[in-house]
Amino acid sequence: MQSNSRSASRRAPARASGLPSARQSAIDHLWMHNRGWAEMAEQGGPMVAVDGHGVRVKDGDGHWWLDANAGYVCVNVGYGRTEIADAAYEQMKRLAYFPGGSTTEPAAALARKLATLAPGDLSRTFFCSGGSEANEGAVKIARAFHKRVGEPGRYKIISRESSFHGALGFSMWLGGMAGRPRTDYEPPPPGLIYAPQPNPYRFERYGRTPEEAAIRCAEAVEDLIRFHGPETIAAFIAEPIAVPPGVAVPEAPYWPMIRSICDRYGVLLIVDEVITGFGRTGKWFASEHWGVVPDIMSVAKGIVSAYLPLGATIARTEIADAFSGVGKNKYLQHILTYGGHPVPAAAALKNIEIMENERLVDNSAKLGRYFLERLQELKDVHAIIGDVRGLGLLLGIELVQDATTKAPFSQDARIGERLTAEFEKRRIVLRPTSGTFWVGPALCITKDEIDELVNGLDGAIGQVAEQLGMAGRRRS
Ligand SMILES: Cc1ncc(COP(=O)(O)O)c(C=O)c1O
């Protein structure tokens with residue numbers, strides 16, 4: 005995903021106390037995300053966040069930053085919600101932990117709450133600690149389900165190019181992101197099949213219009229199922245809206261077609277709502293935009309607004325019930341020490357209560373529309389902006405070298421680096437690695453804060469365009 009670990013450039017040296025600063029300790033000992041510590045040291049060390057409130061975080065030097073991506077698009081209710089801290093604290097004092105072979109009040113209550121919020125009859129939840137684990141669980145459930153209903157040959161998983169589903173043993177091989185090779189970790193496991201990603205901006209590879217391309221991409225899934233043999237395919241996994249291609253919102257026919265193709269061939273549909281769930285796109289779950297009920301849904305991030313580690317795999321009644329009979333060969337053999345942990349469960353219940361009380365899902369829909377309109381205005385001002393798009397408060401921006409041909413920038417243009425430096429100057433936490441990037445602020449964001457963010461984007465993109473000799477309006 006978009007890296008959040010790049011340092012704020014050339015920061016002041018460590019604070020002068022007896023102890024080494026957090027920045028120095030990180031350089032010496034911490035293994036941070038997608039970053040080398042020698043380079044980081046050269047640039048003054050990583051940003052050390054010490055405080056947070058709403059959409060903003062404060063660094064160790066006392067500066068407040070506007071966090072355009074709510075962490076890794078996960079702090080949905082915003083920073084500094086002491087109610088969530090209190091709920092976790094109270095639970096920890098009462099009962100800090102108990103294993104998931106039994107249960108606790110918060111875990112059971114959260115499972116019930118999810119059954120009411122999730123689409124259709126998604127009614128049974130297996131808890132874990134994050135999105136990758138939720139998808140690992142989803143694949144295990146899909147494969148084990150087919151064994152229980154007499155189709156043991158179904159083990160292959162179809163995922164899509166330019167999707168991301170996690171960083172662990174199996175989930176890391178699902179999807180695949182441009183510029184992020186996996187050669188270090190080869191060989192991949194058997195049974196991986198990749199389908200095309202519908203991207204309405206870059207539709208030309210698959211059709212004459214974005215809609216035709218979406219239909220072709222769905223048909224490609226059917227072709228792959230038939231080619232590999234339906235009796236070998238366990239599941240198709242996808243995010244309702246893939247973020248790595250810069251928030252690719254599929255055209256209307258795609259998702260209903262995918263649902264009916266999966267049904268036709270007995271393939272389970274796993275929808276990864278790790279980013280899109282819990283109000284991010286203006287509905288509780290993005291699948292609802294297309295009226296699609298997945299067989300298995302994975303969630304994390306917004307379920308607890310990242311206040312504690314929590315993820316979940318939620319299955320439809322019919323799928324889950326295949327595991328409910330008596331006997332060792334029936335139940336799902338899958339134990340995680342922290343699966344069903346009562347403390348994140350208590351925090352998640354409070355998080356969801358806040359979302360309901362403050363109508364944050366509606367806010368995401370309403371202010372997401374406003375944000376997109378403002379980004380459209382920027383597109384008219386800067387010829388370098390090829391496209392802006394998104395749903396709710398999950399929005400993508402694509403900068404291009406040539407708006408007519410949609411030619412992307414080459415690596416040599418160092419677009420990500422240039423943008424990051426400009427955002428840093430404006431104290432905006434937004435660290436693109438290329439010209440295709442996304443914004444996903446906390447759902448409690450206000451109109452004024454969106455205006456502030458749009459002004460920052462305007463200034464930063466304008467500066468980068470100027471550096472590249474591309475400043476100015478598009479001709480049309
Ligand atoms: C769609 C999607 N699925 C899965 C994951 C992995 O989640 P985690 O980092 O919590 O393991 C991510 C992380 O960004 C994601 O965006």
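Going left to right, the sequence shown walks through residues 5 to 480 as my numbering numbers them. Ideal Cβ positions, reconstructed from N, Cα and C, are used throughout, including at glycine.
task: Please determine if the stretch 413-430 and the stretch 306-324 are in contact, where contact requires at least 3 C-beta pairs separated by less than 8 angstroms.
output: no
- prompt: Does the Cβ of Ala16 have 16 or more other Cβ atoms within 10 Å, making it buried, or fewer, making it exposed?
  reply: As a working note, residue 16 is residue 12 in the sequence shown. With a pLDDT of only 41 at Ala16, under 50, the local geometry of the prediction cannot be trusted, and no value is derived from it.
- request: Tell me whether Asp276 counts as near ligand 1, meaning its Cβ is closer than 7 angstroms to at least one heavy atom of that ligand.
  value: Along the sequence shown, read from residue 1 onward, the residue named residue 276 stands at position 272. Within the cutoff, so yes.
query: What distance in whole Å lies between the Cβ atoms of Val143 and Leu447, which are believed to be in contact at a cut-off of 8 angstroms?
result: By 1-based counting over the sequence shown, the position of residue 447 is 443. By 1-based counting over the sequence shown, the position of residue 143 is 139. Not really, about 29 angstroms apart at Cβ, beyond 8 angstroms.
- prompt: At what residues does the alpha helix (DSSP H) containing His150 begin and finish?
  reply: If you number the sequence shown from 1, residue 150 lands on position 146. Segment Gly135 to Arg152, the alpha helix (DSSP H) holding His150.
message: So, does the stretch 264-275 touch the stretch 194-209, judging by three or more C-beta pairs under 8 angstroms?
response: no
- prompt: What's the gap between the Cα of Glu137 and the Cα of Met474?
  reply: By one-based count along the sequence shown, residue 137 stands at place 133. By one-based count along the sequence shown, residue 474 stands at place 470. Roughly 44 angstroms between the two C-alpha positions.
query: Which class does Glu155 belong to by DSSP, given the choice of helix, strand or coil?
result: Here residue 155 corresponds to residue number 151 of the sequence shown, with the count starting at 1. If DSSP states are grouped into helix, strand and coil, Glu155 belongs with coil.
- prompt: Cα separation between Ala119 and Glu109?
  reply: Taking the first residue of the sequence shown as position 1, residue 119 is located at position 115. Taking the first residue of the sequence shown as position 1, residue 109 is located at position 105. Straight-line Cα distance between these residues: approximately 16 angstroms.
Beta bridge counterpart(s) of His57 as assigned by DSSP: Working through the sequence shown from its first residue, we reach residue 57 at position 53. In the DSSP output, where bridge partners are listed per residue, His57 has Arg60.
task: Look up Ser438 in the DSSP assignment and give the residues it is bridged to.
output: Your numbering for residue 438 matches position 434 in the sequence shown. Beta-bridge pairing links Ser438 to no other residue.
message: ligand 1 and Asn139: does the residue's C-beta get closer than 7 angstroms to at least one heavy atom of that ligand?
response: Residue numbering aside, residue 139 sits at position 135 when the sequence shown is read from its first letter. The answer is yes for Asn139.
Paired residues, beta bridge with Tyr83 - DSSP: For the purposes of this step, residue 83 is identified with residue 79 of the sequence shown, where counting begins at 1. Answer is Gly58.
Ligand 1 heavy atom lying under 7 angstroms from the CB of Val303: Residue numbering aside, residue 303 sits at position 299 when the sequence shown is read from its first letter. Answer for Val303: no, Cβ out of range of ligand 1.
message: Let's test the definition: count the other Cβ atoms within 10 Å of the Cβ of Leu99 and tell me whether it reaches 16, buried, or not, exposed.
response: Translated into the one-based positions of the sequence shown, residue 99 becomes position 95. Looking at its Cβ environment, which holds fewer than 16 other Cβ atoms inside 10 Å, Leu99 is exposed.
query: Short check: CB of Glu255 to CB of Pro204, under 8 angstroms?
result: Position 251 of the sequence shown, counted from the start, is the residue given in the question as residue 255. Position 200 of the sequence shown, counted from the start, is the residue given in the question as residue 204. Yes. Within cutoff.
- prompt: From what residue to what residue does the alpha helix (DSSP H) around Val303 run?
  reply: Counted from its first residue, the sequence shown places residue 303 at position 299. Unbroken run through Val303 is the beta strand (DSSP E), Ile300 to Val303; no alpha helix (DSSP H).
- request: Check whether the Cβ atoms of Ala111 and Ala349 lie closer than 8 angstroms to each other.
  value: Working through the sequence shown from its first residue, we reach residue 111 at position 107. Working through the sequence shown from its first residue, we reach residue 349 at position 345. Closer than 8 angstroms, so yes.
query: Do you know how far the Cα of Gln47 is from the Cα of Arg14?
result: The residue given as residue 14 occupies position 10 in the sequence shown. The residue given as residue 47 occupies position 43 in the sequence shown. Low confidence applies here, because Arg14 scores a pLDDT of 43, under 50, leaving its location unreliable; read the following figure in that light. Their backbone Cα atoms lie some 5 angstroms apart in a straight line.
message: Using C-beta distances below 7 angstroms, list every residue in its chain close to Ala217, excluding the 5 sequence neighbours before and after it, in chain order.
response: Within the sequence shown, the letter at position 213 stands for residue 217. Around Ala217: Pro202, Phe207, Tyr210 and Gly211.
- request: Give the straight-line distance between the Cα atoms of Ile300 and Glu243, rounded to the nearest whole angstrom.
  value: Along the sequence shown, one-based indexing puts residue 300 at 296. Along the sequence shown, one-based indexing puts residue 243 at 239. Ile300 and Glu243: Cα-Cα distance of roughly 12 angstroms.
query: Thinking just about the alpha-carbon of each residue, which of Glu453, Trp288 and Asp416 is nearest to the one in Thr437?
result: Within the sequence shown, numbered from 1, the residue matching residue 437 stands at position 433. When only C-alpha atoms are compared, the closest one is Asp416.
query: By DSSP, does Ile388 sit in helix, in strand, or in coil?
result: To locate residue 388, count along the sequence shown from 1; it is residue 384. In this structure, Ile388 counts as coil in the three-state DSSP scheme.
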